[in-house]
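Residue numbers (my numbering), protein chains in the order written: chain Z, 1 to 490; chain E, 491 to 621; chain S, 622 to 1073.
Now the structure itself:
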């Protein structure tokens, strides 16, 4: 039942709009006025509150469920950070407010820039990208701008490992590059021989996630860095997995020239059902002139410190602006508050305990008979298991197991990513989950393994206890229904 | 593996090629390929009049959770496309070698056909690994 | 502290299971040279109480201003229920609804959102949102180019009366696709797109025309004439619209004889606070024929194994996680949380409520402008009808007015000088339903004092 289906002609939430309707006939030319009646719901305030409260109850969320979604870092989102960012002064501040009404906000943002420089080992930061993918775009566009500024016009290729996030090749293409994919070896590290083959004078750069999406630390990173730099290319660090090494390894020290962070992962800002995220970019010396605008600067005038905006006037070689104002400001404030709550030691603990939880969960699953994709390696903050055996013997897929986990009250891990491991789960427990929760998850996995062997149908037809059963996604494409219409079957 | 009719030729990218009596060639995707993709929900067709080089992208076949490019197995001019696939893309699943044909080419160089695999080679190639 | 629940006993037991002596040992695959020391620029940890105090003080220093700036972010009343519900943990801390069965709440809400946006814009399909209005415009231009594969040599016409930051964002994002952007002038007297500037373009020269309604100056364009011109030149029409205004103005789907093809805009006015510029959301609607070229997530209604209705992400083969390098965009976000707020907002207001808000803004803006233009040297910059924003020519520097009115805690509007130096002293102001008659009187009094 949609909100449209409970609509009743003439009903209104009367407290929520001006009491009278002003006449604008003299102010808006007749030809420009709306004549078409729009069908928006006509409902009371209570009906709205009930409808959306009930909808919310159909969701899994971090606040209600364990959410071991690999490469997504679904850790606890501290309420304190949310409250800090929701102070009236922050919420009411207009993005184009004069500087005098902006010093509180700008001081937080400036300090966040400094924190990020510290944890990444980079020289400059722009907080404006609104998500990881936009951070990637900014980073790759900067790589392009760097080469062009040196009169180096032949570099038209970006190297990406086959296990990379889909955004990496998509971003390279958006920036006008060709993508060269390289394979990953059976131990999870990049195939250096294959890399050697594709590194040429046309190499603009390489995009890497480290620890990689295979859930292991790329041990040859120093060699890769030397190889790419020697060829005149630059290294891009996809910060999706920064949680694994936060405070312990700085991407700048690994030789990366540019990177993005996912504040909605590493800095615990809420995912909001698919966004907003935030994807700041950090750069080394060489790319400083190309950072996207605006950036917050700090100046000392006599005794007084003031903060101000750096724009394209100050950074003339900047790749430019990426949003109407400056990114997802409220998310930045949450990340700032989170950083203060953690402090420098807390940042180290993030890496330590997310790694501890992952390795513990890996060992427990291995002992329980699950197939570990890279059994000789340490897990980073996440790891891969494969159901290829179960798929072959019992015709049960990783997706079936994922759906069955929902019945047990656990959100499924990431399935079928990366593609190079067949029938896989990418599992990331994060540091904020307790041993008890992880143990309970292991119990559920063991139960499901038993079910696969004794009663595979219950797994194949899962879930059984959710608001809906498995959905027909073929029908969803073929009989495309993307909006409610009056009279349409519901 | 699926059906691999002996009279057709096969590209490594899983297109089949049938040489018609009038010298034109018809192209589709193999039973193996349709099976790997799953329920096909959309086909992006080339345009009649396009000139394609061997190996050039000619269109896209989409299932719910995958999308696969279709490549021209040999060079030629597109002289017909299977418009019925717009409404019934599942014809590729149901009938990959006849009703599910995708486009027809007028070859620029028929010798290019010699570079494409015969059915037994394609069968072996499919069996040899996870293609 | 990093919100870690582990006791010493837990740690010992876990290390024993793994078979290592210390947590440090878990990092033994990382080359020694790469291990970092202590962080120097991150302070020591603080308690929640201390963090809230610090940020409350900073927020307070930015607060209590009566702001009359619009320029892409609009202060409206936000019903209390909107964020009470949107910030329920089940909405706020859920991930992208890839596991449909465990995400029916978010998915149905997005379906309702898509339905509302298609209703407001008069178009066939909507996506689940993009980052903001500026990036939505950039994505719309990329989408138009994909739709019209043979766009080489054709231009996208961008009028200089769209938001200057949108123009800059578009340039950054579409820079690498070989799309030619042609800026077109507006009339210095009307503020509208100058139809005379269009005469230079022949049919088939143009890929798409961007039309903002209302435009950056609050001026209403002759959208029918513009759309018909574009259609007669085989160009797509991309409307950039304010969602509040759609309750009062003709929807893009009905512009001209054929309607606009794509409508995008900033969703912030629908229940999202101005909050320093984000998070907001960009909306995008289009005609059915363009749906496969749309970027971003789309939710569809379908049925489950029992034939029961349910919702799922659909047309996913367009997206980066499947199409990788050939995706319609690299985007893998929709601004889910702000979309949640907007959907609740639109449900609470309905068309009637939204129309009351829109009309109130229009009337109050005209009320203030008519008071100000009585003052010597203050006049309308353009002679066209305007919506809830208006550009004024001033007898003194806009920056000086701004500084003087700060003493009364009023931000009088946006100083246009840095953006359009050709206007001389000029101000862009906006009045929404949140301002009372008393607020307007204070404004006029403070403004008069500046002119003395």
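All C-beta atoms, glycine included, are put in the ideal place defined by N, C-alpha and C.
Reference residue 625 of chain S, options Z:417, Z:351, Z:447, Z:89, closest by Cα: Z:351
Buried or exposed by the 16-neighbour rule on C-beta atoms within 10 Å, applied to residue 464 of chain Z: exposed
Nearest-angstrom Cα separation, counted from residue 276 of chain Z out to residue 685 of chain S: 27 Å
Nearest-angstrom Cβ-Cβ length linking residue 714 of chain S and residue 162 of chain Z, presumed shorter than 8 Å: With a Cβ gap of about 32 Å, residue 714 of chain S and residue 162 of chain Z do not count as contacting.
Local Cβ density within 10 Å of residue 903 of chain S, reported as buried at 16 or more and exposed below that: buried
Backbone CA spacing between residue 609 of chain E and residue 519 of chain E [nearest angstrom]: 13 Å
heavy atom of the ligand GDP below 7 Å from residue 1055 of chain S C-beta: By its list of ligands, the structure shown contains no ligand whatsoever, and the ligand GDP lies outside what it can speak to.
Buried versus exposed call for residue 349 of chain Z [16 or more other C-beta atoms within 10 Å across all chains shown]: buried
Nearest residue (CA-CA) to residue 758 of chain S, options S:642, S:719, S:859: S:859
Environment of residue 154 of chain Z [buried if 16+ CB atoms lie within 10 Å]: exposed
Residue 587 of chain E versus E:511, E:502, E:524, E:513, residue with shortest Cα-Cα distance: Restricting attention to E:511, E:502, E:524, E:513, the CA atom closest to the CA of residue 587 of chain E is found in E:524.
Proximity winner among S:845, S:815, S:922, S:960, relative to residue 752 of chain S (alpha-carbon distances): Selected option, being the one with the closest Cα: S:960.
Chain-ordered residues of the stretch 525-544 of chain E with a beta carbon less than 8 Å from chain Z: Taking a C-beta cut-off of 8 Å against chain Z, the contacting residues of the stretch 525-544 of chain E are 529, 531, 532, listed in chain order.
Boundaries (first-last residue) of the alpha helix (DSSP H) holding residue 968 of chain S: 957-993
Closest Cα partner of residue 628 of chain S within the set Z:336, Z:487, Z:435, Z:138: Z:435
Buried or exposed (CB count within 10 angstroms, at least 16 for buried), residue 1054 of chain S: It counts as buried.
Residue 941 of chain S at chain E interface by Cβ criterion, 8 Å: no
Interface flag, residue 400 of chain Z vs chain E, CB-CB below 8 Å: no
Cutoff 8 Å: residue 185 of chain Z Cβ touching any chain E Cβ: no
Segment contact flag, the stretch 229-246 of chain Z with the stretch 196-214 of chain Z, C-beta cutoff 8 Å, min 3 pairs: yes
Interface residues of chain S facing residue 552 of chain E [CB-CB closer than 7 Å]: Chain-order list of chain S residues neighbouring residue 552 of chain E: 938, by C-beta distance under 7 Å.
Short-range partners of chain E found in the stretch 447-475 of chain Z, where Cβ spacing is below 7 Å: 473, 474
Closest residue to residue 840 of chain S among S:856, S:861, S:855 (Cα-Cα distance): S:861
Residue 632 of chain S: first and last residue of the uninterrupted alpha helix (DSSP H) it sits in: Residue 632 of chain S -> alpha helix (DSSP H) spans 629-639.
DSSP state of residue 378 of chain Z mapped onto helix, strand, coil: coil
Cβ-based neighbour list, residue 815 of chain S, same chain, cut-off 6 Å, excluding 5 preceding and 5 following: If we look at residue 815 of chain S and ignore the five residues flanking it on each side, its Cβ neighbours are 806, 807, 808.
C-beta atoms of residue 124 of chain Z and residue 296 of chain Z nearer than 8 Å: no
Counterpart residues of residue 1032 of chain S in DSSP-defined beta bridges: S:688
Beta-carbon proximity list for residue 1067 of chain S, same chain, < 7 Å, skipping 5 on both sides: The beta carbon of residue 1067 of chain S sits closer than 7 Å to those of 1026, 1029, 1031, all from its chain and outside the five residues before and after it, given in chain order.
Start-to-end residues for the beta strand (DSSP E) that takes in residue 310 of chain Z: 304-310
One or two residues paired with residue 600 of chain E in a DSSP bridge: Its beta-bridge partners do not exist; DSSP assigns none.
Distance between residue 164 of chain Z and residue 887 of chain S (C-alpha atoms, nearest Å): Across the structure, residue 887 of chain S and residue 164 of chain Z are spaced so that their CA atoms are roughly 32 Å apart.
Under 8 Å by beta carbon: chain S residues contacting residue 307 of chain Z: Neighbours of residue 307 of chain Z on chain S: none; closest Cβ ~11 Å, over 8 Å.
Delimiting residues of the beta strand (DSSP E) encompassing residue 1010 of chain S: Run containing residue 1010 of chain S: 1010-1014, per the beta strand (DSSP E) assignment.
CB contact check: residue 490 of chain Z to chain E, cutoff 8 Å: With a pLDDT of 47 at residue 490 of chain Z, under the threshold of 50, the modelled position of that residue is not reliable, and the figure given next carries that caveat. Using a CB distance cut-off of 8 Å, residue 490 of chain Z does not count as an interface residue toward chain E.
Closer than 9 Å at the beta carbon, the chain S residues around residue 320 of chain Z: Listed along the chain, the chain S residues whose CB falls inside 9 Å of the CB of residue 320 of chain Z are 789, 790, 792, 793, 794, 796.
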